[in-house]
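The next block holds one structure in the form of structure tokens; read it before the comments.
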Amino acid sequence: MTALIQLSGITKVLKGQEEPRTILDGVNLDVHAGESVAIVGRSGSGKSTLLSVLGLFDRADQGSYILTGDDISRLPERKAAKLRSSHFGFVFQRFFLLKHLTAAQNVAMALVNGQGWLPRRQRRAKVMQALEEVGIAHLAKNRPTRMSGGEQQRVAIARALVREPRILLADEPTGALDTETGALVIDALQAVTARDCALILVTHDRDHAARMGRVMHLEAGVLHDRTGVSA
Amino acid sequence: MRMSGRGRSALIIGLQGIRARKTRTLLSMVSLFLGVLAVVVVQAGASIAERALLSDLELYEGVDGTVVMDMGGTSPRLGSIVTSTVAGRSDAVAMTSMQAVIGEPGVRPVNEGGAPFDGSWGDPGPPMECDETGCRELPAAEVQPKGQAIEVRLTALTGNVRQFRPYRPQAGEWLDFAAMPSLGPRLVLNKEAAKGFQQYRVPAEMRVPGASANMTPHFVGVVDDGDQQPRAYVRLDELSHWVPENKLVDPNMGEVRVLMVAGTPVEQVLSTKLKAVGVEPMVRTVNSKKDMADQLSLMRLVFLAMAGLVLLIGVAGILNVGLATVGERVEEFALRRAVGTPRALLAGIVLAETLITGLLTAALAIGVSALALKGVVAFAGTSQPFLQGMQFPWEAGVAGVIAGLVAGVLGGFIPAIRAAGIPIATVMRA
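Quick note, the sequences are listed as chains A and B, same order.
Letter 66 of the first sequence, counting from 1, is numbered 66 in the numbering used here, and no numbers are missing.
Letter 215 of the second sequence, counting from 1, is numbered 1215 in the numbering used here, and no numbers are missing.
Here it is, written out as structure tokens:
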């Protein structure tokens, strides 16, 4: 089966400092549809940089990035934005919900992004479906300030899912939550693999990593497969 | 016309942004308000000034497009040629003026020479006597004493001249050209003449040079004709009961003028007839609006430049608020980019917000100006005739909207570029 994502020899060097620092050093990674992958590593090991490259926020200095069979290593920003909209969903440690919008409006933000246009009724139906999927449809009209951290993160997950992405990238999504709520959020994230969406989770939490299909360890810019290796 | 998906997205997000930051939007509007108001007021002022000047000019020049034919020469047949060609026509009116004295016979009028009653013409000089051969100073022995008489310029009309010169009715009625001509000539006075007859009580006896007898005039109305000289208007056919056709033109101070609509055959027929008797007519078309626009355009430009400066201060305000807002929304814009919003749309969102702010300000400035004008019309409309029925000039509304849009674009341009350049990694590093 062809991989959804194929990274080979991805290198990223941080310039602009006294000594250029290699953050990613020839990273290779294949991710298939419906697969869940955890990326773990110490702070500053380059996990977020790898996620930036995967999510087309940033470009690798070397190496190739194949997405669904197409080489997107040198994609112009306009096309990258289109791919981010159509293929990726993002969940961050901080939820990044806009306080002045309701939960439904925050989710709809991913639909009102200039990449195609959905009439209001269809938009609302999709938003409600995404909120239902993460179990908070009843909070659709609430503003983030009236929600708990777990609820806010679920809204963020609904926002990531509303465009039915093929890859969900989560950067420490439980970092700001307590253990119990964090577990619920991981449940919600893992549920997306059931519909052939790949999940790539960057985390410090070994328990959450262990729940993923594969665990990759990033150390000194090099990615190692640690699936099944206990701490 | 339907907006594109991006346009609609920019509008929706822009409106959400404005709703979320009402105070900031209000502050931007406050800084912009004076600038837009200045543009609206200058434009409205220029339109109103043009109308005011034009309305006075129309009284003695005629409405734009009127063809005016003036006759030179002293042909004795001039009067009969003009009246026979023009009489009874609705597309042309002939007017001929002569001296007339109303009041006690055998005395000099109080305003000798047809002067205004406020003495603004100064010393009228020695009394003169005029006939077909010219004017001479009267010997002292023949000079009559001043008495109860008023001298006016009497303008005889072949038809309703108000279609060309919209004299403003002040009292009574205008001459009725549809009715049978009256034996006693009916006169409509202008404001200055009416003032004279209010000041001086004179017998109702009118003397016109060349008339077969003195007449008893009937005053039927008063109009504002914009003339400072006392003047009376009369139907030519009523006057001709008393004054023969060849005497209808004063050989010394006679004015014969025909006002007509453009394209009427009267112009060619009359010119041909007049040339045949050696009179060279001078024809021109009234185009006051254009002449005045040239004069007003420079003044308007100067004021608009001043208004533009005030607007620039407003733009600086909107720019300042815009930059501060973008600085506060870095994460929001980075997040929007992360979910696939193109840079151009981010710029569009910021521009949409400033444009909406500019348009709201324009609407407010236009509303305030329109209300102020309404107040001025209600307060001073009776004393200033040109203000009567005055509506807010649409040009001022258009200028206000354009000023609002321009301010929105100028004030939003740099914040829009900043917003478009925010790196997505901002959300990763947060």
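We treat Cβ as the ideally placed atom computed from N, Cα and C, and that holds for glycine.
By alpha-carbon positions, which one of the options ends up nearest to residue i?
i                  : options                                       : result
Ile200 of chain A  : A:Gly34, A:Ala38, A:Gly175 and A:Val27        : A:Ala38
Val1368 of chain B : B:Glu1192, B:Glu1205, B:Ala1178 and B:Ala1396 : B:Ala1396
Arg195 of chain A  : A:Arg226, A:Met212, A:Leu161 and A:Arg120     : A:Leu161
Leu1371 of chain B : B:Leu1187, B:Ser1028, B:Ala1010 and B:Ala1044 : B:Ala1044
Arg1329 of chain B : B:Ile1013, B:Ala1211, B:Gln1148 and B:Pro1126 : B:Ile1013
His1218 of chain B : B:Val1315, B:Leu1259, B:Val1188 and B:Ala1178 : B:Val1188
Ala1100 of chain B : B:Ala1052, B:Arg1153, B:Gly1062 and B:Arg1089 : B:Arg1153
His224 of chain A  : A:Glu172, A:Gly16, A:Asn28 and A:His138       : A:Asn28
Gln1229 of chain B : B:Arg1108, B:Phe1413, B:Ala1115 and B:Leu1059 : B:Ala1115
Gln1391 of chain B : B:Ser1182, B:Leu1032 and B:Ala1052            : B:Ala1052
Gly1113 of chain B : B:Ala1149, B:Ser1080 and B:Thr1096            : B:Ala1149
Ala170 of chain A  : A:Gly9, A:Asp205, A:Ser73 and A:Pro119        : A:Asp205
Glu133 of chain A  : A:Gln93, A:Pro173 and A:Leu184                : A:Leu184
Leu1015 of chain B : A:Gln93, A:Ala130, A:Val31 and A:Val112       : A:Val112
Ser1097 of chain B : B:Leu1304, B:Pro1209, B:Ser1084 and B:Val1302 : B:Pro1209
Gly1035 of chain B : B:Ala1316, B:Ala1213, B:Pro1393 and B:Ala1352 : B:Ala1316
Gly970 of chain B  : B:Gly1088, B:Gly1184, B:Ala1362 and B:Thr1382 : No statement about residue 970 of chain B is possible, as the shown extent of chain B runs from 1001 to 1430 and does not include it.
Phe95 of chain A   : A:Arg154, A:Leu56, A:Gly69 and A:Cys197       : A:Arg154
Ala1305 of chain B : B:Val1042, B:Met1029 and B:Ser1009            : B:Val1042
Leu1346 of chain B : B:Leu1309, B:Ala1276, B:Leu1312 and B:Ile1424 : B:Ile1424
Val1339 of chain B : A:Asp30, A:Arg211 and A:Leu97                 : A:Leu97
His208 of chain A  : A:Gly221, A:Pro173, A:Glu219 and A:Val192     : A:Pro173
Gly1119 of chain B : B:Asn1160, B:Gly1196 and B:Asp1056            : B:Gly1196
Thr1216 of chain B : B:Leu1183, B:Arg1257 and B:Asp1237            : B:Leu1183
Arg1008 of chain B : A:Gly182, A:Gln115 and A:Leu101               : A:Gln115
Ser1383 of chain B : B:Leu1037, B:Gln1170, B:Glu1332 and B:Ala1094 : B:Gln1170
Span of the alpha helix (DSSP H) holding residue i?
i                  : result
Thr1361 of chain B : Arg1343 to Ala1380
Met1069 of chain B : Premise fails: Met1069 of chain B lies in the beta strand (DSSP E), Val1067 to Met1071, not in any alpha helix (DSSP H).
Pro1023 of chain B : First, the amino acid is wrong: residue 1023 of chain B is Thr here, not Pro. Thr1023 of chain B -> alpha helix (DSSP H) spans Lys1022 to Glu1061.
Ala104 of chain A  : Ala103 to Ala108
Ala176 of chain A  : Looking at the DSSP string, Ala176 of chain A is not in any alpha helix (DSSP H), and its letter there is neither H nor E.
Ala1396 of chain B : Trp1394 to Ala1420
Leu1335 of chain B : Val1330 to Ala1338
Ala156 of chain A  : Gly149 to Leu161
Lys126 of chain A  : Arg120 to Glu133
Return the first residue and the last residue of the beta strand (DSSP E) that residue i is part of.
i                  : result
Asp1176 of chain B : Neither: Asp1176 of chain B is in no beta strand (DSSP E) and is coded neither H nor E.
Lys141 of chain A  : No beta strand (DSSP E) holds Lys141 of chain A; DSSP gives it neither H nor E.
Ser85 of chain A   : Per DSSP, Ser85 of chain A belongs to no beta strand (DSSP E); it is in the alpha helix (DSSP H), Glu77 to His87.
Gly9 of chain A    : Ile5 to Leu14
Leu1187 of chain B : Arg1186 to Asn1190
Ala170 of chain A  : Ile167 to Asp171
Hey, would you say the C-beta of residue i is under 7 Å away from at least one heavy atom of the ligand HEM?
i                  : result
Asp1118 of chain B : As for the ligand HEM, it is missing from this structure, which has no ligand bound.
If you measure beta-carbon to beta-carbon, which residues of the region 1322-1341 of chain B are closer than 8 Å to chain A?
Glu1331, Glu1332, Leu1335, Arg1336, Arg1337, Ala1338, Val1339, Gly1340 and Thr1341
Could you tell me whether the region 74-93 of chain A touches the region 152-169 of chain A, using the rule of 3 or more Cβ pairs below 8 Å?
yes
Can you check the region 182-224 of chain A for any beta strand (DSSP E) of at least 3 residues that lies completely inside it and give the ranges in chain order?
198-202 and 214-219
Are the region 1279-1292 of chain B and the region 1369-1386 of chain B in contact at 8 Å, needing three or more beta carbon pairs?
no
If we require 4 or more residues per run, which alpha helix (DSSP H) segments fall completely within the region 1078-1158 of chain B?
1078-1086
Taking 8 Å as the cut-off, does the region 100-107 of chain A touch the region 119-131 of chain A (at least 3 CB pairs, one atom from each stretch)?
yes
Could you pull out every unbroken beta strand (DSSP E) segment of at least 3 residues lying fully inside the region 18-61 of chain A, listed in chain order?
21-31 and 36-40
What beta strand (DSSP E) runs, 3 residues minimum, are completely inside the region 1214-1302 of chain B?
1218-1224, 1231-1235, 1255-1260 and 1281-1285
Just by C-beta distance, which residues in the region 53-64 of chain A are closer than 8 Å to chain B?
Gly55, Phe57 and Asp58
Inspect the CB distances between the region 54-74 of chain A and the region 139-146 of chain A and report whether three or more fall short of 8 Å.
no
Of the residues that make up the region 124-156 of chain A, which ones have a beta carbon closer than 7 Å to any beta carbon in chain B?
none
Would the region 1014-1021 of chain B and the region 1267-1275 of chain B be scored as touching if the rule is three or more Cβ pairs under 8 Å?
no
Contact list for the region 100-111 of chain A against chain B, Cβ threshold 8 Å:
His100, Leu101, Gln105, Met109 and Ala110
Indicate whether the contact test is met: 3 or more Cβ pairs, each with one atom in the region 1315-1332 of chain B and one in the region 1342-1357 of chain B, closer than 8 Å.
yes
Give a yes or no on contact between the region 2-10 of chain A and the region 173-182 of chain A, applying the rule of three or more CB pairs nearer than 8 Å.
no
Short of 9 Å Cβ to Cβ, which residues in the region 1018-1030 of chain B face chain A?
Arg1019, Ala1020 and Arg1021
Which residues, taken in chain order from the region 14-31 of chain A, show a beta carbon closer than 9 Å to some beta carbon of chain B?
none
Would you call the region 1221-1235 of chain B in contact with the region 1153-1169 of chain B, where contact means no fewer than 3 C-beta pairs closer than 8 Å?
yes
Got a sec: which bits of the region 82-98 of chain A sit with their beta carbon under 7 Å from any beta carbon on chain B, in order along the chain?
Lys82, Arg84, Ser85, Phe90, Phe92, Arg94, Phe96 and Leu98
Does the region 1058-1066 of chain B come into contact with the region 1161-1168 of chain B, if we say contact requires no fewer than three beta-carbon pairs (one atom in each stretch) closer than 8 Å?
yes
Using a Cβ cut-off of 7 Å, which residues of the region 1381-1409 of chain B contact any Cβ in chain A, in chain order?
none
Can you find at least 3 beta carbon pairs, one from the region 44-62 of chain A and one from the region 6-22 of chain A, that sit closer than 8 Å?
yes
Taking Cβ-Cβ distances below 7 Å as the criterion, which residues of the region 1341-1360 of chain B are in contact with chain A?
Thr1341, Pro1342, Arg1343 and Leu1345
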